[in-house]
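Peer 1: For reference, the structure I am asking about is given below.
Protein chains: 2
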Amino acid sequence: MEILSQAEENYLKAIFKICESEEKPASTNAIAHELAMTPAAVSDMLKRLSAKELVHYKKHRGVTLTNDGAQLATTLIRKHRLWEVFLSDVLDFSWDEVHEIAEQLEHIQSDQLINRLDKFLGQPKFDPHGDPIPDADGKFAKRKQLQLIALEEGEVGIVVGVMEHSTAFLQYLDKMQLGLGVKVEVLEVYEFDNSMRVALENNQILTISSKVSENLLVQKQA
Amino acid sequence: MEILSQAEENYLKAIFKICESEEKPASTNAIAHELAMTPAAVSDMLKRLSAKELVHYKKHRGVTLTNDGAQLATTLIRKHRLWEVFLSDVLDFSWDEVHEIAEQLEHIQSDQLINRLDKFLGQPKFDPHGDPIPDADGKFAKRKQLQLIALEEGEVGIVVGVMEHSTAFLQYLDKMQLGLGVKVEVLEVYEFDNSMRVALENNQILTISSKVSENLLVQKQA
DNA sequence: AAATATTTTTAAGTTAACTTAAAAATATTT
DNA sequence: AAATATTTTTAAGTTAACTTAAAAATATTT
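Heads up: the protein sequence lines correspond to chains R and F, in order.
Final position of the first sequence in the working numbering is 408; the numbers increase by one with none missing.
Final position of the second sequence in the working numbering is 408; the numbers increase by one with none missing.
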């Protein structure tokens, strides 16, 4: 498979992301929105990606990735997330700082580099946001996780990930000490707005909005 | 200072390199040769770099870097060489493998990243080829070094660097166990072709051509 | 189903960074 | 100094990756 431009790589990642969340082809508009580009630019690029057989593209019908395209996208995600681990674990960046730099590092072309980095980091299975890191064969680790909002009063979960990656959200979680690995007990759910009162292991009591509990992923504790 | 494209950065590095070795402005041809491009492409780019005040450019007179340009070039060299140390020391790449990957990594834009990398690596002063790494202020460490060919019979030197960075040369040195830090004693110089017989600390005796001894940098031992 | 709104594509244009070919400037040889 | 060779620049063209504006296709509302 020939080498892709950074632009092409970004399109593949965007399409992968969109097709992953919604279970249908990625629309031109959705891609344009994801990449902050005009729909015309997307139409243009889709033709090129289609010519390279990286996407299945029928005009006005949206696109999906071909096997080759999906393989490349997965490798990009692997690279992105491994670099995030490096930035976080090795260079002590906080979880709200790693994305932007990894966005650049993911385009470095060297299989050797990424495999050695993986080994050096101890073949991590999750990145600093709890997102799974595909292995060299493109396999993602699976985990039985659910949104914190799905827990009932009295239930306990451990924070394992986030569904929203904005700096604002991540910094809010830092402030509240709601990082990965934290144990959370649901004390009370307020029906009115679905906000909840929760207890952390350090005995801190927090009230969090549904916006927060929707975007926090936990593993339910027995 | 605004952000430069990778192409622009490569031109600055090339001009820096040329002006450093020859003590005069870099010619269009020299730059074209360094970057494997046509002279016409260089003329084109020089106009753009000149407009950004990164080079002093008078048509047909060659170019030199402005202060801004030299500052940027130095930062690029710093990034390149720090990444080389990372690849070599942390990921165990050999010294003939690091250049190519560092060539990509040097374009990553993040001051924080490079400063933290520097700190993590222990603020190294030299890269895996013995080339000095400028500090955050752009200062290069100086060293009293000379070419191995300049040593007389009976003199002893320690290998501290190379003047030629080709894979072929570096792999040859590996074969001969002539890495950085190795102590070399000049046993005999053959006037005929300036080749020399040298003894290494492991008592190995080698005969090396003048092409080799010209390109090896040593620090003379008392 | 027709009218309207939305989405997508096409058409035309831009910019950076290249190319080849020709012209112009500079350097070297005689 | 004139002739010739070399270097550099300009001119014209290309490609990837974008833009805006208009046209076409599809989806939604009435």
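Think of the CB as a built atom: it goes at the ideal place given N, C-alpha and C, for glycine as much as any other residue.
Values in this document were obtained by computation on a predicted structure and should not be read as measured data.
1) Just list the beta strand (DSSP E) runs in the segment 323–367 of chain F, keeping only unbroken ones of 3 residues or longer that don't cross its boundaries, in chain order.
2) Between residue 301/F and residue 322/F, which are expected to be in contact by the criterion C-beta below 8 Å, what is the C-beta distance as a whole number of angstroms?
3) Closer than 9 Å, Cβ to Cβ, to anything on chain R: give me those residues from the segment 264–278 of chain F, in chain order.
4) Should the segment 226–244 of chain F be called in touch with the segment 284–291 of chain F, which here means at least 3 C-beta pairs below 8 Å?
5) In three-state terms, what does DSSP make of residue 233/F?
6) Just to confirm, are residue 277/R and residue 303/F a CB contact at a threshold of 8 Å?
7) Identify, in the order they occur along the chain, each residue of the same chain with its Cβ nearer than 6 Å to the Cβ of residue 357/R, setting aside the five sequence neighbours on each side.
8) Closest by CA to residue 393/F, which one among 216/F, 362/F, 297/F, 211/F?
9) Name the DSSP beta bridge partners of residue 264/R, please?
10) Kindly say whether residue 295/R, judged by its beta-carbon, lies nearer than 8 Å to any beta-carbon of chain F.
11) Given a threshold of 16 other Cβ atoms within 10 Å of its Cβ, counted over all protein chains shown, does residue 197/F qualify as buried or as exposed?
12) Using only CA atoms, which one of 352/F, 310/F, 298/F, 295/F lies nearest to residue 267/F?
13) Does the segment 210–221 of chain F come into contact with the segment 372–379 of chain R, if we say contact requires no fewer than three beta-carbon pairs (one atom in each stretch) closer than 8 Å?
14) Would you identify the three-state DSSP class for residue 216/F, choosing helix, strand or coil?
15) Considering only their Cβ atoms, is the gap separating residue 249/R from residue 222/R smaller than 8 Å?
16) For the beta strand (DSSP E) containing residue 370/F, list its first residue and its last residue.
17) Residue 332/F to residue 262/F, Cα distance in whole Å?
18) Taking the straight line between their C-alpha atoms, what separation do you get for residue 343/F and residue 307/R?
19) Can you give the Cα-Cα distance for residue 256/F and residue 398/R, rounded to whole angstroms?
20) Taking the straight line between their C-alpha atoms, what separation do you get for residue 373/F and residue 317/F?
21) If you follow the beta strand (DSSP E) that residue 241/F is in, where does it begin and where does it stop?
22) Checking contacts by CB at 8 Å: is residue 302/F closer than that to chain R?
23) Out of 258/F, 241/F, 210/F, 369/F, which has the shortest C-alpha to C-alpha gap to residue 192/F?
24) For the alpha helix (DSSP H) that contains residue 300/R, what are its first and last residues?
25) Any beta carbon from chain F within less than 8 Å of residue 355/R's own beta carbon?
26) Anything in chain F within Cβ reach of residue 291/R, meaning under 7 Å, just list it in chain order.
27) From residue 365/R to residue 314/R, what does the alpha carbon distance come to, in whole angstroms?
28) Under 8 Å between the Cβ atoms of residue 201/F and residue 241/F?
29) List, in order along the chain, the chain R residues whose C-beta lies closer than 9 Å to that of residue 287/F?
30) Go ahead and label residue 353/F buried or exposed: buried means 16 or more other beta carbons lie within 10 angstroms of its beta carbon, across all protein chains shown.
31) Roughly how many whole angstroms lie between the Cα atoms of residue 388/R and residue 367/R?
32) Helix, strand or coil: how does DSSP classify residue 312/F here?
33) Beta-carbon within less than 7 Å of residue 384/F's beta-carbon, same chain only, minus the 5 sequence neighbours each way: which residues are those?
34) So the candidates are 359/R, 194/R, 209/R; which of them puts its Cα closest to the Cα of residue 386/R?
35) Less than 8 Å between the beta carbons of residue 335/R and residue 239/R, yes or no?
36) When the cut-off is 8 Å and only beta carbons count, does residue 326/F lie next to chain R?
Peer 2: According to the structure shown:
1) Within the segment 323–367 of chain F, the complete beta strand (DSSP E) runs of at least 3 residues are 342–348.
2) Between residue 322/F and residue 301/F the Cβ distance is about 7 Å, and since that is below 8 Å, they are a contact.
3) Answer set for the segment 264–278 of chain F: 273, 276, 277, 278.
4) Output reads no: the segment 284–291 of chain F does not touch the segment 226–244 of chain F.
5) Helix at residue 233/F.
6) With a cutoff of 8 Å on beta-carbon distance, residue 277/R and residue 303/F are scored as near each other.
7) 282.
8) Residue 362/F is the option with its Cα nearest to residue 393/F.
9) Its beta-bridge partners do not exist; DSSP assigns none.
10) The C-beta of residue 295/R comes closer than 8 Å to at least one C-beta of chain F.
11) So residue 197/F counts as buried.
12) Residue nearest to residue 267/F within the set 352/F, 310/F, 298/F, 295/F is 310/F (criterion: CA-CA distance).
13) Judged by Cβ distances under 8 Å, the segment 210–221 of chain F makes no contact with the segment 372–379 of chain R, as fewer than three pairs qualify.
14) Residue 216/F: helix per DSSP, three-state reduction.
15) Result no, Cβ atoms of residue 222/R and residue 249/R do not sit closer than 8 Å.
16) From DSSP, the beta strand (DSSP E) with residue 370/F extends over 369–376.
17) Distance between the alpha carbons of residue 332/F and residue 262/F: 26 Å.
18) Near 38 Å, if we compare the C-alpha coordinates of residue 307/R and residue 343/F.
19) Using only the alpha carbons, I get a separation of about 48 Å.
20) Separation of residue 373/F and residue 317/F (C-alpha to C-alpha, rounded to the nearest whole angstrom) is 27 Å.
21) Residues 241–243.
22) At least one CB atom of chain R sits nearer than 8 Å to the CB of residue 302/F.
23) Looking at 258/F, 241/F, 210/F, 369/F, the one whose alpha-carbon comes closest to that of residue 192/F is 258/F.
24) Start and end: 297–306.
25) At a cut-off of 8 Å, the C-beta of residue 355/R has no neighbouring C-beta in chain F.
26) Those are 294, listed as they occur along chain F.
27) Looking at the two C-alpha atoms, the distance is approximately 10 Å.
28) The criterion of a C-beta distance shorter than 8 Å is satisfied by residue 201/F and residue 241/F.
29) The contacting residues are 294, 295, 296, 298, 299.
30) The residue is exposed, with fewer than 16 neighbouring Cβ atoms inside 10 Å.
31) Answer to the nearest angstrom: the Cα atoms are 13 Å apart.
32) Strand, per DSSP.
33) So the list reads 370, 371, 372, 373, 392, 394, once near-sequence residues are dropped.
34) When each option's Cα is compared against that of residue 386/R, the closest is 359/R.
35) Their beta carbons are not under 8 Å apart, which means residue 335/R does not touch residue 239/R by this criterion.
36) For residue 326/F, the closest Cβ of chain R is not nearer than 8 Å.
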